[in-house]
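Protein chains in written order, with my numbering: chain A, 1 to 194; chain B, 195 to 388.
Note that the Cβ used here is the ideal one computed from N, Cα and C, for glycine as well.
Protein chains: 2
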Amino acid sequence: MGRPLRADAARSVRAILEAAEQVLAEDPSASMEQIAEQAGVARTTVHRRFANRQALIEALGASAKRQLMECVDDAHMDTAPPLVALHRVTANVLRIKSVWRFTLGHPLADTPLTAEIWSEINAGALEFFARAQREGLLAPDTDLMWARRVYYALVDEAQHGGGADRDPDQVRQNADALATLVVDTFLRGVGPHG
Amino acid sequence: MGRPLRADAARSVRAILEAAEQVLAEDPSASMEQIAEQAGVARTTVHRRFANRQALIEALGASAKRQLMECVDDAHMDTAPPLVALHRVTANVLRIKSVWRFTLGHPLADTPLTAEIWSEINAGALEFFARAQREGLLAPDTDLMWARRVYYALVDEAQHGGGADRDPDQVRQNADALATLVVDTFLRGVGPHG
DNA sequence: TTCCCACGCAACAACGTTGATGCAAATCAG
DNA sequence: CTGATTTGCATCAACGTTGTTGCGTGGGAA
Chain A
1 MGRPLRADAA RSVRAILEAA EQVLAEDPSA SMEQIAEQAG VARTTVHRRF ANRQALIEAL
61 GASAKRQLME CVDDAHMDTA PPLVALHRVT ANVLRIKSVW RFTLGHPLAD TPLTAEIWSE
121 INAGALEFFA RAQREGLLAP DTDLMWARRV YYALVDEAQH GGGADRDPDQ VRQNADALAT
181 LVVDTFLRGV GPHG
Chain B
195 MGRPLRADAA RSVRAILEAA EQVLAEDPSA SMEQIAEQAG VARTTVHRRF ANRQALIEAL
255 GASAKRQLME CVDDAHMDTA PPLVALHRVT ANVLRIKSVW RFTLGHPLAD TPLTAEIWSE
315 INAGALEFFA RAQREGLLAP DTDLMWARRV YYALVDEAQH GGGADRDPDQ VRQNADALAT
375 LVVDTFLRGV GPHG
């Protein structure tokens, strides 16, 4: 590509991406104008940095998916004990999802690239659940596809309810507590146990 | 209001509502043109029957909410044994949701009227879960708000995955099977039981 | 300090969508 | 059958959004 961006240009790009994520999270059909306003930038500047609305959304997708992949990786789903890995990845994903509510929530940001990452993650999840089932964490008669969908749904649900977390510390604690709740509900449901 | 609609007019209205539900389910921002096309009707006819896009969506909301309320009522949540009632209402709701994927899925169709019905249903659900908890169907330490959210999420998830059901009979069987799956997962999760 | 780049601002064309209107033809109801 | 109503079609104005361009200005980099 061209030479590195100047300081103010880089600042604009970051502001725009951040604003786009926030605005689109509340209204996926928000206009470029609204995004520019939230970014504290003129609309033309948005178009200067991102040729299309599509290009902007794809840029969001790239950032988000990269971070998601990263946070899944460092849970070591393939080696850690299933229950530990499950709790860790859940907390990590919840943390990421709270930042990328739009991009990771709406499939609008789907491009060939991101679709590939998705299927990779999905495959990894299925593989993990298979191992979890072999090691007795999941009931032997559980349909793994259903299990995966239930897990995703619970993570989503835990995310949506979570109100405003101010500082990063609070986000982390919240993510841990929610992860416990999600994993618990996922494995034992809400009925009486014992 | 005015006098009853003529036969062809009534047919148009029904066709438009049905078409709107289908089209909007796949693309919530679809144009009136697309809806008209799917209904086999000129766009002007749509505007003749529904002043606004908003009015059309509200009409959808009214129909859907009415049916939803009806199908919740005839599950007799307040008298039947909790497990029976839960299974029955789940099957009923799944059946309705498969028909009103857009209107009951996206909160776009929310008006003062529908919001009222929603809160009524939500209150009923919470009350039901409280009774279920007293009677031992839910663990005593379960947060009822969380339980409700999990239940809604599971119903949604069961709905989304359900591919194309051709005839009404198949829909009914499918709804029963899915209801069993949902209730089971809801109460016991996917971990080993025993 | 000096040069260059990025910015804000204003203006513009192109589009698609919405909503309204008039009219001729088809269709329903008494 | 006959009158009333509905519909399709063509047309029009109004809007909001998108994307582009040119210009003057202010802040970053060497």
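Range of the contiguous alpha helix (DSSP H) that encloses residue i
i       : result
M145(A) : L144 to G161
F296(B) : No alpha helix (DSSP H) contains F296(B), which DSSP labels as neither H nor E.
V23(A)  : A7 to E26
T308(B) : P306 to R328
D361(B) : Note, D361(B): premise wrong, no alpha helix (DSSP H); not H, not E.
V72(A)  : R53 to D73
H193(A) : Counting along the chain, H193(A) falls outside any alpha helix (DSSP H), and DSSP gives it neither H nor E.
A230(B) : M226 to A233
T79(A)  : First-last for T79(A): undefined, no H or E at that position.
Contact check, residue i vs residue j, beta carbons under 7 Å
i       : j       : result
P334(B) : A139(A) : no
R95(A)  : A75(A)  : no
A245(B) : R237(B) : no
T284(B) : V377(B) : yes
R101(A) : A25(A)  : yes
M226(B) : V235(B) : no
Q38(A)  : A10(A)  : no
G61(A)  : T114(A) : yes
T379(B) : V99(A)  : no
A109(A) : I57(A)  : yes
L137(A) : L178(A) : no
S29(A)  : S223(B) : yes
L320(B) : L298(B) : no
Spatially closest choice to residue i from the options, by CA coordinates
i       : options                               : result
N316(B) : A373(B), L211(B), R342(B) and M226(B) : R342(B)
Q353(B) : G161(A), A153(A) and H160(A)          : A153(A)
V72(A)  : D8(A), R48(A), T44(A) and W118(A)     : W118(A)
D78(A)  : F128(A), W146(A), R49(A) and T185(A)  : F128(A)
R208(B) : E310(B), Q228(B), V376(B) and R243(B) : R243(B)
V336(B) : A19(A), R188(A) and A7(A)             : The amino acid occupying residue 336(B) in the given sequence is Thr; Val does not appear at that position. Comparing Cα positions, the closest option is R188(A).
G355(B) : N368(B), E215(B) and D363(B)          : N368(B)
E310(B) : T374(B), K259(B) and G330(B)          : K259(B)
V287(B) : A324(B), D221(B) and M263(B)          : M263(B)
S257(B) : P222(B), D221(B) and T305(B)          : T305(B)
Q261(B) : A279(B), K291(B), A201(B) and A274(B) : K291(B)
A181(A) : L17(A), P4(A), R53(A) and V155(A)     : Contrary to the premise, residue 181(A) reads as Leu rather than Ala in this sequence. Per the Cα distances, V155(A).
R53(A)  : L17(A), A85(A), P81(A) and A80(A)     : L17(A)
H300(B) : Q364(B), L199(B), Q216(B) and P198(B) : Q216(B)
D176(A) : A80(A), G124(A) and A85(A)            : A85(A)
Residue i: contacting residues in chain B (beta-carbon distance under 7 Å)
i       : result
T185(A) : V344 and G383
A139(A) : V384, G385, P386 and H387
S29(A)  : S223
Amino acids of chain A, ordered along the chain, whose beta-carbon sits closer than 9 Å to that of residue i
i       : result
P276(B) : None at all; the shortest Cβ gap to chain A is about 11 Å.
E231(B) : Those within 9 Å of E231(B) in chain A number zero; the least Cβ separation is about 21 Å.
Chain-ordered neighbours of residue i on chain A, where CB pairs are closer than 7 Å
i       : result
T336(B) : V190
E351(B) : R149, V150 and A153
W312(B) : Under the 7 Å cutoff, chain A gives no residues; its nearest Cβ is about 16 Å from W312(B).
Neighbour list for residue i in chain B, Cβ cutoff strictly below 9 Å
i       : result
G161(A) : M339, W340 and R343
Under 8 Å by beta carbon: chain B residues contacting residue i
i       : result
L181(A) : W340
G136(A) : P386
heavy atom of the ligand MG below 6 Å from residue i C-beta
i       : result
A373(B) : In the structure on display, the ligand MG does not appear, and there are no ligands present to speak of.
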